[in-house]
Amino acid sequence: MPLSEHEQRLFDQIERSLAEDPKFASAVRASDPRFHARRRLLVAAFVIVTGLALLVYGAVSQNTPLGVAGFVVMLGSAAFAMQSRRRIQAPDLKSVGGTASRRTRQSRKSGGFLERLEDRWRQRPEGHR
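Take 1 as the starting number for the sequence shown in full-length UniProt numbering and just add one per residue.
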């Protein structure tokens, strides 16, 4: 149902006042999980670069444990970055006033391939026989 002109003007005015409020903007940003996931992604990138520097320094100074530690830091940070990236791309499943659930596939019949083909054959439109 579309809003009336008066309701639309009120809505626009409320939107402008909320956009200009820095406290409100920071509160909304703080509750957004994607914001935190982006920050974790940046931290992970910085730690990957640090791990690479440790690896190179360990190789140059012929300090094998330092090089291995740098590699482990890079590997762990890359895993952390991938997890943060998935959180950025994942849809938010929160629901207001209800419960959120994921759709599941319908359970398939216990029959095999031939039974499914026979069912499809029986369910096809009449004009194709």
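All C-beta atoms in this analysis are idealised placements derived from N, C-alpha and C, irrespective of residue type, glycine included. Since the model is a prediction, treat every value here as computed from it, not as a measurement.
Can you say whether residue i is buried or exposed, counting buried as having 16 or more other CB atoms within 10 angstroms of its CB?
i   : result
A19 : exposed
L54 : buried
S77 : buried
Does the Cβ of residue i lie closer than 6 Å to at least one heavy atom of the ligand ADP?
i   : result
V49 : In the structure on display, the ligand ADP does not appear, and there are no ligands present to speak of.
Within this structure, are the beta carbons of residue i and residue j separated by less than 7 Å?
i   : j   : result
A69 : A44 : no
M74 : G58 : no
S84 : R40 : yes
A27 : I88 : no
If I follow the unbroken alpha helix (DSSP H) through residue i, where does it start and stop?
i   : result
L3  : L3 -> no alpha helix (DSSP H), and no H or E assigned at all.
D21 : Careful: D21 lies outside any alpha helix (DSSP H) and carries neither H nor E.
P33 : P33 to V60
Candidates the options: which alpha carbon is nearest residue i's?
i   : options                : result
P33 : R86, L117 and R124     : R86
F71 : S17, R124, V56 and R16 : V56
Please tell me whether residue i has its Cβ less than 7 Å away from any Cβ of chain C.
i   : result
A44 : The structure shown contains no chain C; it holds only a single protein chain.
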